[in-house]
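Number of protein chains: 2
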Amino acid sequence: MNLKELSSLLGLSQTTVSRALNGYPEVSEATRQKVMAAAKKYNYAPSSRARSLATGRSMAIGHVIPISSKHEMVNPIFADFIAGAGETYSRSGYDMLLSVVNDEDEEAAYREMATKGSVDGIIVHGPRENDPRIELLMEIGLPFVVHGRAGNDTRPYSWVDINNGHSFRRATDFLLDLGHRRIALINGIESMDFARRRRLGYEAALAARNVRPRPELMSAQEMTEQNAYRSAREMLALPEAPTAFLVSSYISAIGVRRAVSQAGLKIGKDVSIVTHDDDLSYLRNGDEIPMFTATKSSVRAAGRRCAEIVLDHIANPDLPPVQELWETDLTLGLSTGPAAKEFT
Amino acid sequence: MNLKELSSLLGLSQTTVSRALNGYPEVSEATRQKVMAAAKKYNYAPSSRARSLATGRSMAIGHVIPISSKHEMVNPIFADFIAGAGETYSRSGYDMLLSVVNDEDEEAAYREMATKGSVDGIIVHGPRENDPRIELLMEIGLPFVVHGRAGNDTRPYSWVDINNGHSFRRATDFLLDLGHRRIALINGIESMDFARRRRLGYEAALAARNVRPRPELMSAQEMTEQNAYRSAREMLALPEAPTAFLVSSYISAIGVRRAVSQAGLKIGKDVSIVTHDDDLSYLRNGDEIPMFTATKSSVRAAGRRCAEIVLDHIANPDLPPVQELWETDLTLGLSTGPAAKEFT
DNA sequence: GAAATTTCCCAAAGCGCTTTGAACCATTTC
DNA sequence: GAAATGGTTCAAAGCGCTTTGGGAAATTTC
Chain Y
1 MNLKELSSLL GLSQTTVSRA LNGYPEVSEA TRQKVMAAAK KYNYAPSSRA RSLATGRSMA
61 IGHVIPISSK HEMVNPIFAD FIAGAGETYS RSGYDMLLSV VNDEDEEAAY REMATKGSVD
121 GIIVHGPREN DPRIELLMEI GLPFVVHGRA GNDTRPYSWV DINNGHSFRR ATDFLLDLGH
181 RRIALINGIE SMDFARRRRL GYEAALAARN VRPRPELMSA QEMTEQNAYR SAREMLALPE
241 APTAFLVSSY ISAIGVRRAV SQAGLKIGKD VSIVTHDDDL SYLRNGDEIP MFTATKSSVR
301 AAGRRCAEIV LDHIANPDLP PVQELWETDL TLGLSTGPAA KEFT
Chain V
1 MNLKELSSLL GLSQTTVSRA LNGYPEVSEA TRQKVMAAAK KYNYAPSSRA RSLATGRSMA
61 IGHVIPISSK HEMVNPIFAD FIAGAGETYS RSGYDMLLSV VNDEDEEAAY REMATKGSVD
121 GIIVHGPREN DPRIELLMEI GLPFVVHGRA GNDTRPYSWV DINNGHSFRR ATDFLLDLGH
181 RRIALINGIE SMDFARRRRL GYEAALAARN VRPRPELMSA QEMTEQNAYR SAREMLALPE
241 APTAFLVSSY ISAIGVRRAV SQAGLKIGKD VSIVTHDDDL SYLRNGDEIP MFTATKSSVR
301 AAGRRCAEIV LDHIANPDLP PVQELWETDL TLGLSTGPAA KEFT
């Protein structure tokens, strides 16, 4: 069933039927009702192909998921971000176009989305320091929103980020206040912007209290349970083992927890853990009392917001860039306590 | 830059340029080279909008992600499945169209994809027992592949599934062989086909050895760390506590591990755990010696395969349905051992 | 050397919609 | 009663591509 058939069935022109369905005012209420009813009856929906050719808009937002050919990790927070963005899209009649590419093909993927015209806007994931993608996307001219920020690039592009530096500074301060002095940092790969900022926040807090940063207590790897476990285990075996861990992801925190338990130490008593918590739907940090003390910010909410912003930019191209820096909640859980005497 | 401009720039007809770019034989090698060079120089790529209108194919596969309005969980294995499917798509020039919808709107979402013609095929996620979507999709007539199966619907549709029943039967047998008699099952929601089959496999193994199934040792909930933790904790507090756990997801297994450790019990000694392992990229089960004994099957490989099958069906509509039942690997890890004497 | 074939290229139709510009009819205004 | 107005509707152009049905030039065949 297409427009032509439907129109002739109704004895109306394609123009009128199209307008009736799209809510234009130049059509009488009576005929609109008739058209709507017929559309429903014959299960008609305009072909998105034809429609987007005619309107020049494809009603889709592109997300490029880079798969590192080296480590092959798929970011676990990705599912929740997508879910958030997807909620926004489906409310607005937009689709989400996902492109999974090797990271070396990523730029080509963006360029292709633009030249093929398959999307009206783009969400950028996992920005790195001085990410070349920003430059590329500004050149391409498609509206885009970055989840995170790319280094200290101050050019006016839209992004939604959490205040990673401040967040980890506060968390470190909190541990210092509890008397901890040997605080380990289990971080993500530091070419990622968020990880770099977190380390800087952590170091700033240490410096402010004249605590010497110890390289052996800082690890920066892909945030898998296993990497975190191994790092924590090695650190706990040091002669001057850490009394607290600051961890960049919930998954990693689980690895740290395993190492700590296995060493026969009690979490929150012998060893404290503060983790960042993306509030993933399948890894909730407790209902009443959170298990981990955490810097918390919902990545799903970030997905929703990024999507909203890119849709705003599409609807209104003159909109100035939107830059939102969200503070995290430092939520107190059961994983932290004062530094044990013997260690101080 | 569009085809018209490019053609006139080259002094050729649109026909010839189009054919040159699409690899048709009716164009001389010399002009093809010229056209290719010009396309590259002017960064031309045919508009996917126009192209799909002309060809009638949209070069995209639809995935519908249902978000349960009740519990709001996003399936954590989803990211890896998508990554697998995405690899296949990008190799073949297809896009992935994701639609995140509330589960009550799911049928409408499929229907819409079909009538709007926005996709050429569909992948179905998370089939339930007697899933109405199968019927719907057969009626719609779009090629589709189900990741998993819908109950005992024997109609000829394509699916890729793991042998959940056999897998959990083997795992249960393995625990029984080790002397365990009180084996708990931490399962997913049993309206999901995979969870139902796993329970049946588990019960069959128990029945074959005349071990009475105990309802108090069976839980069926969304597979979050926390749900699993709570279930395991409650079970461990029973007068006749389980000596082994059979768990449906790695995330859940982590929750069980937490409960076991917290109870002061040693995993693999006091309490055994066997889990299903989807081989998620961010939750690898150890490199050398797996942490958990597990029934393992890569969900990413399943994503790749489902995508391949749906593309095959699109390329060749007469292809008979493809049904693949994959066996899992029962990989021995450190989480299992003989039942402790005191318990037997 | 004429006829048949092959090679290469083109004009134009068509995919299914939206949107422009014009036209028709029924009211209202002067 | 003629002119202006407003509410509805329509025919046709156009979005940018692919593909059909030829057709001219080059090559081969007899």
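These protein sequences, in sequence, are chains Y and V. If you read the first sequence in UniProt numbering, its first letter stands for residue 1, the second for the next number, and so on. If you read the second sequence in UniProt numbering, its first letter stands for residue 1, the second for the next number, and so on. Beta carbons: idealized from backbone N, C-alpha and C, even for Gly.
Exposed unless 16 or more other CB atoms sit within 10 angstroms - verdict on residue i
{"i": "Y:N227", "result": "buried"}
{"i": "Y:S191", "result": "exposed"}
{"i": "Y:N130", "result": "exposed"}
{"i": "Y:T344", "result": "At Y:T344 the pLDDT is 42, less than 50, meaning the model places this residue with poor confidence; the figure from the coordinates comes in the next sentence. Exposed."}
{"i": "Y:A232", "result": "buried"}
{"i": "Y:T328", "result": "buried"}
{"i": "V:E225", "result": "buried"}
{"i": "Y:N296", "result": "One point to set straight first is that residue 296 of chain Y is Lys, not Asn, in the sequence displayed. It is buried - the Cβ of Y:K296 has at least 16 other Cβ atoms within 10 Å."}
{"i": "V:A339", "result": "buried"}
{"i": "V:E26", "result": "exposed"}
{"i": "Y:D277", "result": "buried"}
{"i": "V:R155", "result": "exposed"}
{"i": "Y:A150", "result": "buried"}
{"i": "V:Y282", "result": "buried"}
{"i": "V:P46", "result": "buried"}
{"i": "Y:M73", "result": "buried"}
{"i": "V:P127", "result": "buried"}
{"i": "Y:N2", "result": "exposed"}
{"i": "Y:L319", "result": "exposed"}
{"i": "Y:Q221", "result": "buried"}
{"i": "V:R209", "result": "exposed"}
{"i": "V:Y24", "result": "exposed"}
{"i": "Y:S58", "result": "buried"}
Residue i and residue j closer than 8 Å at C-beta
{"i": "Y:G84", "j": "Y:G303", "result": "yes"}
{"i": "V:A39", "j": "V:L9", "result": "no"}
{"i": "Y:I65", "j": "Y:H147", "result": "no"}
{"i": "V:D279", "j": "V:V299", "result": "yes"}
{"i": "V:F194", "j": "V:N152", "result": "no"}
{"i": "V:M235", "j": "V:L206", "result": "no"}
{"i": "Y:S118", "j": "V:S48", "result": "yes"}
{"i": "V:M113", "j": "V:G56", "result": "no"}
{"i": "Y:V211", "j": "Y:R181", "result": "yes"}
{"i": "Y:L185", "j": "Y:R199", "result": "yes"}
{"i": "Y:I314", "j": "Y:D120", "result": "yes"}
{"i": "Y:S335", "j": "Y:I273", "result": "yes"}
{"i": "Y:S90", "j": "V:S69", "result": "no"}
{"i": "Y:T88", "j": "Y:A307", "result": "yes"}
{"i": "V:T15", "j": "V:T31", "result": "no"}
{"i": "Y:M223", "j": "Y:I251", "result": "yes"}
{"i": "V:A79", "j": "Y:P76", "result": "yes"}
{"i": "Y:D103", "j": "Y:I67", "result": "yes"}
{"i": "Y:A123", "j": "Y:V310", "result": "Just to set this straight, residue 123 of chain Y is Ile in the shown sequence, not Ala. A contact, by the Cβ cut-off of 8 Å."}
{"i": "V:E324", "j": "V:V101", "result": "no"}
{"i": "residue 346 of chain Y", "j": "V:L53", "result": "The question about residue 346 of chain Y has no answer here: the residues shown for chain Y are numbered 1 through 344."}
Meets three-Cβ-pair contact criterion under 8 Å: the stretch 95–109 of chain Y and the stretch 287–295 of chain Y: no
Completely contained beta strand (DSSP E) runs for the stretch 184–222 of chain Y, where each covers 3 or more residues: 218–220
Start-end ranges of the alpha helix (DSSP H) lying completely within the stretch 91–169 of chain Y, minimum 4 residues: 106–116, 132–140
Three-pair Cβ contact test at 8 Å for the stretch 241–255 of chain V versus the stretch 35–49 of chain V: Segments in contact, no.
Meets three-Cβ-pair contact criterion under 8 Å: the stretch 132–147 of chain Y and the stretch 164–175 of chain Y: no
Residues of the stretch 108–119 of chain V whose Cβ lies closer than 7 Å to any Cβ of chain Y, in chain order: Per Cβ criterion, the list reads E112, T115, K116, G117, S118.
Contacting positions in the stretch 73–86 of chain Y - beta carbon closer than 9 Å to chain V: Of all residues in the stretch 73–86 of chain Y, only M73, V74, N75, P76, I77, F78, A79, D80, I82, A83, G84, A85, G86 place a beta-carbon less than 9 Å from a beta-carbon of chain V.
Proximal residues, the stretch 278–297 of chain Y versus chain V, C-beta separation under 9 Å: L280, S281, Y282, L283, R284, N285, G286, D287, M291
4 or more residues per run - each alpha helix (DSSP H) lying fully within the stretch 246–329 of chain V: Listed in chain order, the complete alpha helix (DSSP H) runs (minimum 4 residues) inside the stretch 246–329 of chain V are 250–262, 299–315.
Residues of the stretch 94–106 of chain V with Cβ closer than 9 Å to any Cβ of chain Y, in chain order: D95, M96, L97, L98, S99, V100, V101, N102, D105
Residues within the stretch 201–225 of chain V neighbouring chain Y, beta-carbon criterion of under 9 Å: E222, M223, T224, E225
Residues, ordered as in the chain, of the stretch 27–47 of chain Y that lie near chain V by beta-carbon distance below 8 Å: N43, Y44, A45, P46, S47
Near-chain Y residues of the stretch 119–146 of chain V - C-beta to any C-beta below 9 Å: none
Against chain V: residues of the stretch 232–263 of chain Y by CB proximity under 8 Å: I251, I254, R257, R258, S261
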